[in-house]
Amino acid sequence: MAPRILMYTKEVCPYCTMAEKLLQLKGVPHIEKTYIDRDDRLRDEMMEKTGRRTVPQIYIGDTHVGGYDDLAALDKQGLLEPMLKKS
1 MAPRILMYTK
11 EVCPYCTMAE
21 KLLQLKGVPH
31 IEKTYIDRDD
41 RLRDEMMEKT
51 GRRTVPQIYI
61 GDTHVGGYDD
71 LAALDKQGLL
81 EPMLKKS
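Numbering (full-length UniProt numbering), first residue to last: 1 to 87.
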């Protein structure tokens with residue numbers, strides 16, 4: 001069973017789109033998206049959980065991966081696919 005993928009995002013966000021495409025290329029069938037531009041409470045929740053203000057902020061299971069650059073770095077290091085296969 002693949003881990004849950006949660007992405008804090010905005011309606012218009014090129015880095016969010018790139019992160020989603022990378023995850024889809026890796027076989028992720030579903031990304032749970034939380035749109036922080038729709039509700040200020042969700043933005044506050046994201047900042048409290050991650051300590052960051054920018055989107056995307058991505059969780060694979062309970063692990064905070066970070067933003068798109070962090071996700072792409074994990075992929076380049078060969079660490080992303082094993083994370084996506086953990087149950």
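Quick reminder that beta carbons are idealized off the backbone N, C-alpha and C, glycines included.
Limits of the unbroken beta strand (DSSP E) element including residue i
i	result
T17	Looking at the DSSP string, T17 is not in any beta strand (DSSP E); the run it does join, the alpha helix (DSSP H), is 14–25.
As assigned by DSSP and simplified to three states, the class of residue i
i	result
E48	helix
L71	helix
E11	coil
R38	coil
R43	helix
Beta-ladder partner(s) of residue i, from DSSP
i	result
L6	E32, Y59
P66	Checking the sequence, you will find Gly at residue 66 rather than Pro. DSSP output for G66 lists I58 as bridge partner(s).
7 Å CB neighbourhood of residue i in its chain, flanking five on each side removed
i	result
R53	M47
Y68	Y15, M18, A19, P56
G61	P3, R4, K86
Where the alpha helix (DSSP H) containing residue i begins and where it ends
i	result
L80	80–85
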